[in-house]
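See below for the structure under consideration.
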Amino acid sequence: MKRFFLISVLVLTAASAALYWTRPENRGTATVLYWMTQNDPVKRETVALFRQWLVDQGLPPVDVIIDHSNQDVTKKLVQGVSGVGGDLIDLYFCELETMQSTGMLADLTDEAPAAGYAASTTYPAIVSDFTVQGRQYGYPRNVDMTMCWVNRDTFARFAQPEPPRQWSWDEFEERGRRFVAAANPPGTRQRIYYLNRVWPPVLRRGLGLTTFNETGTRCTLDDPRNAEVFRRVRRWTVDEHLLPTVADQASMLADGTAYDSSFGLFAAGRFAMIYEGLWALIRLRPLGEFKLGAVEPFTGGFKNMEIASGAVAVYAGSKHPGAARQFIRFLASEPFNLLVARSGDSMPPLPEFGRHEAFLHPPGFEGDWETKAAFARAGTTIGLAQSKSPFVLPSVVLKIDTDMLQTVIAGRLSPEDAAKEEAERINGEIALTISQDAALRREYERRLEVQRRIEARRAAGEGVPAAWIRDPFHLAYYRAQGWLEKTEGAP
Amino acid sequence: MSAGRPVRRWLTGVGFLLPNIAGFCAFTLAPLVMSFALAFSNWDILRHNLFRKDAIRFVGLGNFSRLFSDLQFWRDLGNTLFFLLGLPFAIAGSLAAALLLAQVNRRRVSTGSALVVATVVLVFSGLVLLSGGMAQRGVVFLFGTMAAAVLVSGVLTGGTLYRTLFYIPHFTAGVATFVLWKKLYNPHTGPINAALRPLLDGFSSAVCAWPGFFALGVPALAGCAMVLLALVQVRRLRRRWDDGEAGAAAVAAGILALAGPAMVFLHWHGMGTGIAGGLAGTVGVALFGAIVRRPRRWGPIPTNDAGLGSELSLALIGVPLLLLLAGAIRAGPTLPAIAALGIDPPDWLGDYAWAKPALMLMALWAAIGSNSMILFLAGLSNIPPELYEAADMDGASAGQRFWNITWPQLAPVTFFIAVMGVINGLQGGFEMARTMTLGGPAGSTTTLSYFIFTEGFEIGRLGYASAVAWVMFALVLVFTLLNFRFGNRDAND
Amino acid sequence: MRTTESNPSPSTARGLGLHVLLTLLGLAMAAPFLWMILASLKTAPEAGDPAWLPRQAQWGNYPEVFRVIPFLRFAANSLVVAGWVTLLQVLTSALAAFSFSRLEWPGRDRVFFLYLATMMLPGIVMLIPNYEIMVRWGLMDTFLGLVLPSAFSAFGTFLLRQFMLGIPRALDEAAEMDGASKWRIFWDVILPLSRPGLVTLAIFTFMGNYHSFFWPFVMMKTVDNYTLPVGLLFFDSEHGQVTHLLMAAVTMSVLPLIVIFVFLQRQLIRGIQIGAVKG
């Protein structure tokens, strides 16, 4: 028995030592950066290109290791605040504020202009994706807009008309009903859906409503218009079967297969349309030959589309801060922008490359042409940044919104009650934040005062100065409605 | 005894304990104390960490008062308790599996007869294969072959193979199980719905063929079954009362198990909740009085809570069954209309009503062949064979042997499994929710542990999350003490 | 179950019925597992198909797994971590169990009760502080940080104590008469007699830790430090539909456990028969 224990100890020690000495850090001498991002062909190409770019610039070599199983927000957060985060951190939807408030993101504001990656070099609409209260914490690696991708073959198969470039939600419902009836003849069980998902914020904006008020001090979703959005989505899902249940989508999201399966189902003709970003091209190209189209998101009135970007930030605890900053510089370089343009991974961060031939007519993918033009056009006409409030984390808002929509679809709450509860929960979070953070409380008081003045002006039928309005949607909506102060020219 | 002896003994005792207790203090006790302190603080990982050092304030009972007004907390607590309802089924399943496995060596089977059966199975599945194409019938052939092979090797190895097969879910534990079942449950591409579709089609066409039977016959049958079950239960309770096996509390629990579903049933049939409750309650009280006031003819006078544990366990299985029957009565008349449209298999993980049962079904699969089964097997083999021999001489039936020997002898094992099951059940569900549903749809699969995880590690409120964790601990404590109070009594019988 | 072997029932028909029933149940239990193996042999498009059988077995999926992720390294990490935890837990638990079951010292029962009480604690209560301890000690992203918190278990102590209580006292009293020290009694008398108990604890611990997901998931940053359950997550978002590769990887990750179980299952069941060693 003693011998058995002794042998076990020896074997385990030997195995541990072997594992220790074969770690990649011990294999080469180059600096190693960990990049927390997705692992797709484009990212791998990016890493190779970065190495080449360093050589061209006469800089020492750096190995970038794509760390794609750490992209989980929990892991980024927990490891980041404990000193072992990845050197380069991708900021996806709703993640910037969470990461930034911990202090784990390096502040790049002061060095950005000299290094060539200042916020002013990219699209103004996405600056809020990598800046917080005027400080810059990263740089976009792509700019993305979400539209309805159309599988034109599917429409042809059922002899249904393709959707128009611009349409209202009534049209969507009408055409969708006819499509689903044609594609699923009575007596068959196979369900072919019209669209994979909808995005409530865009629908709300269509009715002139967004998550927060003009200054981000209050959640305004306790509104009949929000209830109307809930009611429509429920009808499209439960009664008309235009969409699969949102809950189903959420459950697939848990391990990242939602995208994969919706792309697969789209290619196979089970979803006539999918609501995804331009980056979907990366996934759609390998799925075979089919005719693609793209149309703008449908709304109940005000035309809009959400623009978002994937930004890369530098970890404040990185062991190689210099090398990590080189990578950010690389994102604002020509070779990288050309790569994004060519690969279909959305729009390049530098606007001039969005008009580049490599973007519009990528060699080998001529079929992309129409869709890319549609994206570029919509991006410049109706694209708007996400609504955020500094007093509540966007990730919390997203969680509550998803939860409430699912609750309505499951029939657990009426749309009106859900709208009320949603606003109550988000406003509760705002109250909690300002009760715990003195600095934010002062900012809140200031904004509250501005909000009062805005409301007073609106009540008196006077114009409101554009500078007062913090929310990108409200700004655009005020402008469209002519509610802005007349002296203020449109920028 | 010299004065130095206790000190020396203490030193030796603690010396042996030292390696364990050092680690215990560092990784159990210290965290425990820390976590307790945290529960009264407002530590937010976003505001206090390596990079940012805002002061942590102690907020007294603030976290707890917020907790009790947090709707999410109550919902998730409800979900957790709901998932716990699967536990009796899991224990019953494990016990049944162990009993079957233990039988194998008692009943010797000649290899020859097993071979004959296996050949018949093989030939039959081969015929099925020939009748259809490879793609369609191949799986039948595959299962036929497997069945034949398992049967023969099961007989040859004397049960070892079955045990391994039953234990298989345990190998794919954790993330692997969840990933696998997510694929199985997929409403479009999973094999479960693929198998259900023809069955449901058959069912719908049967309903369409005999609408009268399903609209009226099924409810009638279910109603008869309900009445029959109620009669059996009342008779059983009366007998146990007479025999002194069940006390007043146990009888009350038994009656309640009948009155509860009856109330729900009446409520479903359009009666106001108050009226339904009053009616069911009156009948229940009358029955209770009839049994308890009955002059006891034989048996000792039981303590009030004698047999309460077994009544409660029975209620856990009986109540869902009665509710199912009540549901059949309610749903029967609407069946033909539904069937005419075709019945779709459920969207398991995506449907609010189905997500919880789907996860429970998976957990049941994983639990039957788990360590509980091994514990039961060990417990069974510890029962002295003399007991069975004596029972055989008295000519006891299989049921009597089980209830009078096996069940009481296994009571300590069952108790242990139940306690561990409750502990694990109350704190479980995190990995399941995380990998399979993200706690959805609409929060229906968010358990307390997943709530703690999201609050603590996604939103970063470590203080609040610790408070929830301590409430969870209090719950575990209450359940365990209840278990000791009632479960142990039966265990010591 | 061995105890009744001496008296085989004459009714072959019922025995056969039992075997048929067990076969059917066993197949039902194994069916998801079987589906997994079959899915691991499909092509990528077929994996999105509800049919059980692949049109043609793609054995190439298995080598493909090694190409896509460092499977062997993940497996080695898992085995080494689980191995260390098991070894440490068995050793420290055996020592503690000996102290609780064989030595009389003041306060013993109170300390034991404390141990028992902590078994009821939800692990998640300790999660947050343990994580903080790891950060303080600089153990994030190290194997030590995975092994240490799991190496000391109240459950193991409890299990082995129950087992040791079943070992007749006459044995160690005799050794004590011969002048053996407590240490010698532990190593030479109690430990060898507790072997089934040790094996049981070892199997429980090994399986539990081989599968453990959350702690390694939070702790490990470097890809080369991942254990298998964490490494399996690599397959999301790799090249789109990778169910087939995922299933192949899961199948391979399960193999070592099946081997262990098949060889040790008799020991396992013997070990659980608390107090089975009768003088």
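Residue numbers (numbering that gives the first Met the number 0), protein chains in the order written: chain S, 0 to 490; chain R, 0 to 492; chain C, 0 to 278. Ideal placement from N, C-alpha and C gives every residue a C-beta, glycine not left out.
Contact annotation: LEU286(S) and GLY263(S) have beta-carbon atoms nearer than 9 Å. Distance from the CA atom of THR45(S) to the CA atom of LEU397(S), rounded to whole angstroms, is 30 Å. Within the same chain, Cβ atoms closer than 6 Å to the Cβ of ASP62(S) are found at ALA29 and VAL31, the five residues on either side in sequence being excluded.
In this structure, LEU228(R) lies away from LEU313(R), with their beta-carbon atoms at least 9 Å apart. Using a CB distance cut-off of 9 Å, THR42(C) does not count as an interface residue toward chain R. Residue state for LEU87(S) is assigned as strand, using DSSP reduced to three classes.
Using a C-beta cut-off of 8 Å, the stretch 400–414 of chain S makes no contact with the stretch 165–178 of chain S, since fewer than three inter-stretch Cβ pairs fall below that distance. Look at ASP346(R) here: in three-state DSSP terms it is coil, with no helix or strand label. By DSSP's assignment, TYR33(S) forms a beta bridge with ILE64(S). For the stretch 59–90 of chain S, the beta-carbon criterion of a distance under 8 Å to any beta-carbon of chain R is satisfied by VAL72, THR73, LEU76, VAL77, VAL80, SER81 and GLY82.
DSSP places MET304(S) in the strand class (E or B) of the three-state scheme. When Cβ-Cβ separations below 9 Å define contact, PHE82(R) makes no contact with chain S. At a beta-carbon threshold of 9 Å, the residues of chain C lying near ARG22(S) are THR221, ASP223 and ASN224, ordered along the chain. The residue from THR22(C), TRP51(C) and PHE70(C) with its alpha-carbon nearest to that of ILE191(R) is TRP51(C). A residue is called buried when at least 16 other Cβ atoms come within 10 angstroms of its Cβ; SER211(C) meets this threshold and is buried. Each residue's CA atom was taken as its position, placing GLY317(R) and VAL124(C) some 35 Å apart.
As summarised for the stretch 345–421 of chain S, there are no continuous beta strand (DSSP E) elements at least 3 residues long confined to that stretch. Interface criterion met: the Cβ of VAL217(C) is under 9 Å from a Cβ in chain S. According to the DSSP assignment, ASN141(S) belongs to no alpha helix (DSSP H) but to the beta strand (DSSP E) extending over 137–150. Secondary-structure assignment with DSSP links GLU275(S) through a beta bridge to MET146(S). Note on geometry: alpha-carbon atoms of GLY61(R) and TYR463(R) lie some 9 Å from one another.
Taking the Cα of GLY16(C) as reference, the smallest distance to any Cα among VAL58(R), PHE26(R) and VAL103(R) is reached at VAL103(R). Under a criterion of Cβ atoms nearer than 7 Å, the residues of chain S adjacent to ASP140(C) are, in order, VAL83. Close partners of SER7(S) in chain C (Cβ separation under 7 Å): LEU86. Shown here for GLN325(S): not one same chain residue has a beta carbon closer than 6 Å to its own, the five before and five after excluded.
Between VAL80(S) and the set VAL241(C), LEU256(C) and VAL217(C), the nearest pair of CA atoms involves VAL217(C). Sorting GLY459(R), THR434(R) and PHE414(R) by C-alpha distance to the C-alpha of LEU481(R) places PHE414(R) at the top. Across the structure, LEU80(R) and GLU239(S) are spaced so that their CA atoms are roughly 35 Å apart. With its beta carbon less than 9 Å from one in chain R, LEU245(C) belongs to the interface.
Inclusion of MET144(S) and ALA17(S) in the CB contact set at 9 Å is not warranted, their separation being larger than that value.
Within chain R, the C-beta atoms nearer than 8 Å to that of ARG411(S) come from TYR351 and ALA441, in chain order. Counting only Cβ-Cβ distances below 7 Å, GLN405(S) has contacts in chain R at GLY439, PRO440 and ALA441, in chain order.
At the C-beta level, ALA432(R) and PRO168(R) stay beyond 9 Å of one another. Here DSSP, grouped into helix, strand and coil, assigns PHE39(R) to coil. Taking 4 residues as the shortest admissible run, the stretch 43–122 of chain R contains the following complete alpha helix (DSSP H) segments, listed from N- to C-terminal end: 61–67, 70–83 and 85–103. By the Cβ criterion, the stretch 273–291 of chain S is not in contact with the stretch 97–114 of chain S, since fewer than three pairs of Cβ atoms, one from each stretch, lie closer than 8 Å.
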